[in-house]
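Going by the numbering used here, the sequence shown opens with residue 788, and the numbers climb by one from there.
Following: one structure in structure tokens, then a few remarks.
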Amino acid sequence: MRPERLVNPDTFASLILYFKSLETPGSPLLPTTWIFDSIQAALQGQAGSAVFDLVLTWSFTVAMIFVITWISGATYFTGYSKAQTTAGRLFPFRGGRSRERTYILNHLSGAVRAFTVKEIKTFFRDQTQWPQIFLIIALIVIYLYNFSVLPLDKSPIKTVYLQNIFSFLNMGLATFVLTAVAARFVYPAVSIEGEAFWIVRSSPVKIRTLLWIKFCVYYVPLLLLTEILIIVSNILLHVTPFMMVLSVTTVFFMVPGIVSMGVGFGAAYPDFQSENPAQSVTSFGGLLFMIICAGFIATVIVLEAGPVYTVFMAGFRGVSLSVLQWIWLVVSFSLVLLLCILAVIVPMRWGERCLSRND
């Protein structure tokens, strides 16, 4: 769990003791011990011991076959029967009418509200989609744990530099994680309609509205996911208030662009014949989406790197920025804002045109 401790000379003794414990023989009741003893006896020319251990191994194998056959015979029919019927809800809803359950969306028009509710229900009814929420939770825990165990105090570089450098680079890392999550959930959002997409086309909802519905459904949870990663990791790094505000604001403007590209590229390269929406991620459109998102993230990081370093060093030295530095700062952040706006608008319009042309 702590691989960075392997390079610490103070822990060499415990490491050697750990490797020494690996030489301890296993229990004589385990099949792995029988196999090892049979090989060792054969190499030493002890035929009787080798045959005895082999007989133990094969007899255990035959016995386990009979045990597994008995268990499958007792449980297979029940499991097969339940697999052919609709399973009950894990958390049954005991509420009133459907209108009361969707009161948050009541300010939308009827068709838009219906498609929004349909999108949410489709996500949670698809057993290939919602279980991966647990994987995302595990990803968040591992991501934040890695920041909590960084040995910043043992680095020859001053901690104040490392904290802010890691915080700045963390924006790119968090948005890369967001891109991977968006490739799994957002990009297949159009393809998940499947062969029933003609029903969507015959509805009174335009393609543009449909794409923006999918954008809004995925935008809010992905924004919360990315902001949690940024804020908590910055707290663990003890960054300056400037870096905290900068990273939170930058991610806030980058998330809509990545989600928009996921919806737009998914609409431009739909795969309505795929049985598993995850397969569409490995297509040409999914690969192109990942490449464009990586370029988008790298461009934002490069545009902000120079001005952020200038502001940080000016605050560290206690000096004010010059006029040219202020102009550089305003131009760089203006370009970042413009790039984020284009990343939202252009992919959605392109995806709308491509999806309309494929009808």
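The beta carbon of each residue, even a glycine, is placed where N, CA and C say it ideally should be.
Assuming residue i contacts residue j under a Cβ cut-off of 8 Å, what Cβ separation, rounded to an integer in Å, is found between them?
i	j	result
Y974	G1073	6 Å
G1138	A1054	3 Å
T1013	V1038	5 Å
V964	Y930	7 Å
A1130	S1034	Going by Cβ atoms, the distance from A1130 to S1034 rounds to 18 Å, so no, they are not a contact pair.
F847	P815	With a Cβ gap of about 13 Å, F847 and P815 do not count as contacting.
I1045	M958	With a Cβ gap of about 12 Å, I1045 and M958 do not count as contacting.
T962	I1084	5 Å
Determine the burial state of residue i: buried for a count of at least 16 other Cβ atoms within 10 Å of its Cβ, exposed for fewer.
i	result
S954	buried
P1094	buried
F880	With a pLDDT of 48 at F880, under the threshold of 50, the predicted position of this residue should be treated as unreliable, though the coordinate-derived value follows. So F880 counts as exposed.
Q950	buried
A870	exposed
N933	exposed
A925	exposed
K1001	buried
P1134	buried
G1158	Because the chain is modelled from 788 through 1146, residue 1158 falls outside the range shown and cannot be assessed.
V1026	buried
F1078	Checking the sequence shown, residue 1078 turns out to be Ile, not Phe. Answer is exposed; the Cβ neighbour count stays below 16.
M1030	buried
S1020	buried
With DSSP collapsed to three states, give me the class of residue i.
i	result
P1057	coil
K1001	helix
G959	helix
T1027	coil
G1093	helix
L1102	Leu is not the amino acid found at residue 1102; the sequence shown has Gly there. G1102: helix per DSSP, three-state reduction.
S1109	coil
P1043	helix
P975	helix
V928	helix
S1034	helix
P991	coil
S1143	helix
V968	helix
S1070	coil
P743	Nothing in the structure corresponds to residue 743, since the chain is present only between 788 and 1146.
Give the single residue among the options whose Cα lies nearest to the Cα of residue i.
i	options	result
V928	L1122, L1023, G1105, P991	L1023
Y1056	M1031, I1084, C1141	C1141
F902	V977, M1077, A870, L1011	V977
T909	A961, G981, F853	G981
C1127	V968, L1090, F1099	L1090
K905	L997, V1068, W1113	L997
V1087	L1011, F1076, L956, M851	L956
L1010	H1025, A969, K993	A969
V1123	V1019, I855, T1036	T1036
C1003	F984, G1051, I1015, P1028	G1051
V1098	W1115, A983, A967, F1083	W1115
Q919	F972, V899, V936	F972
W1148	A837, Q833, M1030	Nothing in the structure corresponds to residue 1148, since the chain is present only between 788 and 1146.
V1042	A983, I855, L960	L960
A1092	D840, V1118, I852, T1069	V1118
Runs of alpha helix (DSSP H) wholly within the region 810-866 (minimum 4 residues, chain order): The alpha helix (DSSP H) runs lying completely inside the region 810-866 and spanning 4 residues or more are 818-830, given in chain order.
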